[in-house]
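**Student:** Sequence positions in the sequence shown follow the UniProt record's numbering and run 1 to 442.
Ideal Cβ placement from N, Cα and C applies to all residues, glycine included.
As the structure is a prediction and not an experimental result, all values here were calculated from the model.
I'd like to ask some things about the structure below.
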Amino acid sequence: MSNPMKENQITTDPSKPAQRMRAGSLRIAALPWVIAGLALLVMPFVFNDNSAITIMNQMAITIIFALAYNMLLGQGGMLSFGHAVYAGVGGFACMHVMASTDFFEMLPLPVLPIFGGLFGMGLAMIVGSFSTRSAGTVFAMISLGVGELIAACSVIIVAFFGGEEGISGDRTYGMPFFGIEFLHQIEVYYLIAFWLMVSALLMYLFSRTPIGRMANAVRDNPERAEFLGYSSRWVRYYSFIFSGFFAGIAGGLFAINYEIVTEENLNTASSGVILLVTFLGGVGFFFGPIIGAIAFTLLQTVLSLQTDLWAFYAGVLFLATVMFFPGGLAGLLMMHVPAIKMGRASKLVVPYITTLIPALIGILGLSALVEMTFHVRHSSVGDEEMTVFWTTFDSHDILPWAVAIGVTVVAFAVMRMMLPTLRAAWADANATKANTSNGGAA
Numbered sequence: 001m002s003n004p005m006k007e008n009q010i011t012t013d014p015s016k017p018a019q020r021m022r023a024g025s026l027r028i029a030a031l032p033w034v035i036a037g038l039a040l041l042v043m044p045f046v047f048n049d050n051s052a053i054t055i056m057n058q059m060a061i062t063i064i065f066a067l068a069y070n071m072l073l074g075q076g077g078m079l080s081f082g083h084a085v086y087a088g089v090g091g092f093a094c095m096h097v098m099a100s101t102d103f104f105e106m107l108p109l110p111v112l113p114i115f116g117g118l119f120g121m122g123l124a125m126i127v128g129s130f131s132t133r134s135a136g137t138v139f140a141m142i143s144l145g146v147g148e149l150i151a152a153c154s155v156i157i158v159a160f161f162g163g164e165e166g167i168s169g170d171r172t173y174g175m176p177f178f179g180i181e182f183l184h185q186i187e188v189y190y191l192i193a194f195w196l197m198v199s200a201l202l203m204y205l206f207s208r209t210p211i212g213r214m215a216n217a218v219r220d221n222p223e224r225a226e227f228l229g230y231s232s233r234w235v236r237y238y239s240f241i242f243s244g245f246f247a248g249i250a251g252g253l254f255a256i257n258y259e260i261v262t263e264e265n266l267n268t269a270s271s272g273v274i275l276l277v278t279f280l281g282g283v284g285f286f287f288g289p290i291i292g293a294i295a296f297t298l299l300q301t302v303l304s305l306q307t308d309l310w311a312f313y314a315g316v317l318f319l320a321t322v323m324f325f326p327g328g329l330a331g332l333l334m335m336h337v338p339a340i341k342m343g344r345a346s347k348l349v350v351p352y353i354t355t356l357i358p359a360l361i362g363i364l365g366l367s368a369l370v371e372m373t374f375h376v377r378h379s380s381v382g383d384e385e386m387t388v389f390w391t392t393f394d395s396h397d398i399l400p401w402a403v404a405i406g407v408t409v410v411a412f413a414v415m416r417m418m419l420p421t422l423r424a425a426w427a428d429a430n431a432t433k434a435n436t437s438n439g440g441a442a
């Protein structure tokens, strides 16, 4: 006698790829990683100046730190206001290893960041044992309190943190690695680039594991994850300690690159910066923090050489991202994927040119007004000349003000006139076949 319930039961055939049920695939597309590796190899030959290599080193360290932070914010939904302490503690631990001359002489320098990662993980295991009981406001406030506590301890526990002066070391005391003593910045660059590739790959693989997938589920609906038999607390805890490990790796690389670690590496300001970097790039995409780290490092290093108001512009960019592009720069790029797949991206080229060029001119005019206001208010007596966009003029004369205001107003007016054309082109480029046929029938 047949069982009707068994006959109606849905089954899958494991031999068919479309019916394989997996929590997450560990297979990755190799092409993006190969391109990234080749780019890291070639970049020192394109930008061979020592200052440029130092900027690239800082950029790579920030990328690792931002990716580690995104394991909390983007994948686990945990907003932390004190994550810099794990990178800072990892950096201080590596500095103490450098100071242990007898031990450091037997240790190759490329192995040193592992100690920073282990110390960062150890601290994350302690803090995570009580902070990951819940997410949301409770977790955010606990992270802020822990960050302030450890930052205060940095000037109290002088034996470990070195007080206000911090701790310095010398990376060249380590055992040579295949004859390389890391005397030159280019050698340090390739060490950091190696750890960047390894750390990014491991963090990507973690996001594809079952626990990485469950972190997304706990972020979106912790009650449903609990109903399925997964502990939301333990999922958050594992994500937290792995994030602390890679943050410690970033701290160790910072110690190797700059050979000094201070209280600034673990205070609340550094935690706020990495939050800004991650959100600017886009927390919903794995490569989002990479874009954010590159953009912020360029603002911090290159733009700061041109103006003292670089932090103001970075804040405006962050505010505009939150208000108009919540998906970050990565989300802004991914918005164009449907149009590209449908072969309609070319329809956006002309509208973008006619809209974005006036917008850019208006932004430059507005920034000129900001620079002129800053110069008038803060320049010394008799210092009336200033240079903006390679043009020198008297900031107290009315003509530069009139030109800047006129350019700004006209440029934004033209941009506003072109916005309807851009909206129509965007709707046309992203219209599906069903919408197109319905529109034609109507």
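Please identify the residue among MET71, TYR237, TYR204 whose C-alpha is closest to the C-alpha of ALA29.
**Tutor:** Here the closest residue by C-alpha is TYR204.
**Student:** Give every residue of the same chain whose Cβ lies closer than 7 Å to the Cβ of GLY128, excluding the five residues on either side of it in the sequence, and list them in chain order.
**Tutor:** So the qualifying residues of the chain are TYR237, PHE240, ILE241.
**Student:** Mapping the DSSP letters down to three states, classify residue 515 as helix, strand or coil.
**Tutor:** As shown, the chain starts at 1 and ends at 442. That puts residue 515 outside it, with no answer to give.
**Student:** What number of angstroms, rounded off, separates the C-alpha of ILE291 from the C-alpha of PHE160?
**Tutor:** Cα to Cα, ILE291 sits roughly 34 Å from PHE160.
**Student:** Please list the terminal residues of the continuous beta strand (DSSP E) segment that includes ASP394.
**Tutor:** Start and end: 391-394.
**Student:** Given this structure, state the Cα-to-Cα distance separating PHE119 from TYR189, to the nearest angstrom.
**Tutor:** For PHE119 and TYR189, the distance between alpha carbons rounds to 23 Å.
**Student:** State the start and end residues of the unbroken alpha helix (DSSP H) segment that holds MET417.
**Tutor:** Its alpha helix (DSSP H) spans residues 398-429.
**Student:** Starting from GLU223 and walking both ways along the alpha helix (DSSP H), at which residues does that stretch end?
**Tutor:** GLU223 -> alpha helix (DSSP H) spans 222-227.
**Student:** Counting only the same chain and skipping the five closest in sequence on each side, list residues whose C-beta sits under 7 Å from that of ASN57.
**Tutor:** If we look at ASN57 and ignore the five residues flanking it on each side, its Cβ neighbours are VAL188, TYR189, ILE192, ASN257.
**Student:** Roughly how many angstroms lie between the CA atoms of ILE294 and VAL388, to the nearest whole one?
**Tutor:** Roughly 25 Å between the two C-alpha positions.
**Student:** Measuring alpha carbon to alpha carbon, tell me which of PHE325, VAL414, GLY162 ends up nearest ILE353.
**Tutor:** Taking only the C-alpha atoms, the option nearest ILE353 is VAL414.
**Student:** Where does the unbroken beta strand (DSSP E) through THR387 begin, and where does it stop?
**Tutor:** Segment 385-388, the beta strand (DSSP E) holding THR387.
**Student:** Starting from the Cα of ILE114, find the closest Cα among PHE130, VAL283, ILE167, VAL89 and give me that residue.
**Tutor:** Taking only the C-alpha atoms, the option nearest ILE114 is VAL89.
**Student:** Excluding sequence positions up to five away, which residues of its chain have a Cβ less than 7 Å from the Cβ of PHE177?
**Tutor:** Correct list, in chain order: PRO108, LEU109, PRO110.
**Student:** For ALA200 and ILE64, what's the separation of their Cα atoms in angstroms?
**Tutor:** Distance between the alpha carbons of ALA200 and ILE64 is about 7 Å.
**Student:** Between which residues of its own chain and PHE194 is the CB-CB distance below 8 Å, once the five residues before and five after are set aside?
**Tutor:** Closer than 8 Å at the Cβ level, and outside the excluded window around PHE194, lie PRO110.
**Student:** What residue range does the alpha helix (DSSP H) around HIS96 cover?
**Tutor:** Per DSSP, HIS96 belongs to the alpha helix (DSSP H) from 84-99.
**Student:** Whose C-beta lies closer than 6 Å to the C-beta of ARG344 among residues of the same chain, with five residues either side of it excluded?
**Tutor:** Correct list, in chain order: ALA429.
**Student:** Which same chain residues end up closer than 6 Å to VAL407 when comparing Cβ atoms and leaving out the 5 residues on each side of it in sequence?
**Tutor:** Correct list, in chain order: GLY365.
**Student:** Leaving out five residues on either side along the sequence, give the residues of the same chain with a beta carbon under 6 Å from the beta carbon of ALA217.
**Tutor:** Once the five neighbours on either side are set aside, the close Cβ partners of ALA217 are ALA225.
**Student:** Within the same chain, show all residues whose beta-carbon is closer than 7 Å to that of ALA330, passing over the 5 residues directly before and after it, in chain order.
**Tutor:** Excluding residues within five positions, the ones whose Cβ falls inside 7 Å are GLY281, GLY282, PHE285, PHE287, GLY288, ILE291.
**Student:** Jot down the residue ranges of each uninterrupted alpha helix (DSSP H) in the stretch 310-371, minimum 4 residues, whole runs only, in chain order.
**Tutor:** Counting whole runs of 4 or more residues, the stretch 310-371 contains the alpha helix (DSSP H) stretches 310-324, 328-334, 337-341.
**Student:** Please report the residue range of the alpha helix (DSSP H) in which ASN50 lies.
**Tutor:** Unbroken alpha helix (DSSP H) run through ASN50: 50-76.
**Student:** So what's PHE47 in DSSP terms, helix, strand or just coil?
**Tutor:** PHE47 falls in the coil class under three-state DSSP.
**Student:** Distance, Cα to Cα, VAL138 vs ARG416?
**Tutor:** Approximately 43 Å, taken between the alpha carbons.
**Student:** How would you write the range of the alpha helix (DSSP H) that ARG208 sits in, first residue to last?
**Tutor:** Unbroken alpha helix (DSSP H) run through ARG208: 185-208.
**Student:** Would you give the residue range spanned by the alpha helix (DSSP H) that ALA135 belongs to?
**Tutor:** Careful: ALA135 lies outside any alpha helix (DSSP H) and carries neither H nor E.
**Student:** On the premise that ILE274 lies in contact with ASP66, defined as a C-beta separation below 8 Å, what is that separation, rounded to the nearest angstrom?
**Tutor:** Strictly speaking, residue 66 in this sequence is Ala, with Asp absent from that position. At roughly 6 Å, the Cβ-Cβ gap stays under 8 Å, so ALA66 and ILE274 are in contact.
**Student:** Could you check which residue in GLY229, GLY91, ALA124 has the C-alpha nearest to that of ASN265?
**Tutor:** Among GLY229, GLY91, ALA124, the Cα nearest to that of ASN265 is on GLY91.
**Student:** Taking 6 Å as the limit between beta carbons, can you name the residues of its chain near SER243, skipping five residues before and five after?
**Tutor:** Closer than 6 Å at the Cβ level, and outside the excluded window around SER243, lie ALA68, MET71, LEU72.
**Student:** So, LEU276 versus ALA60, is the Cβ gap smaller than 9 Å?
**Tutor:** No, the pair does not count as a contact, with Cβ atoms beyond the cut-off.
**Student:** Could you tell me which whole beta strand (DSSP E) segments of length 3 or greater appear in the stretch 237-271?
**Tutor:** Whole beta strand (DSSP E) segments, 3+ residues: zero.
**Student:** Can you tell me whether DSSP reads ILE178 as helix, strand or coil?
**Tutor:** A small fix is needed here, since residue 178 is Phe in this sequence, not Ile. Note: PHE178 maps to coil in three-state DSSP.
**Student:** Check whether the Cβ atoms of ALA135 and PHE245 lie closer than 9 Å to each other.
**Tutor:** Contact flag unset, no.
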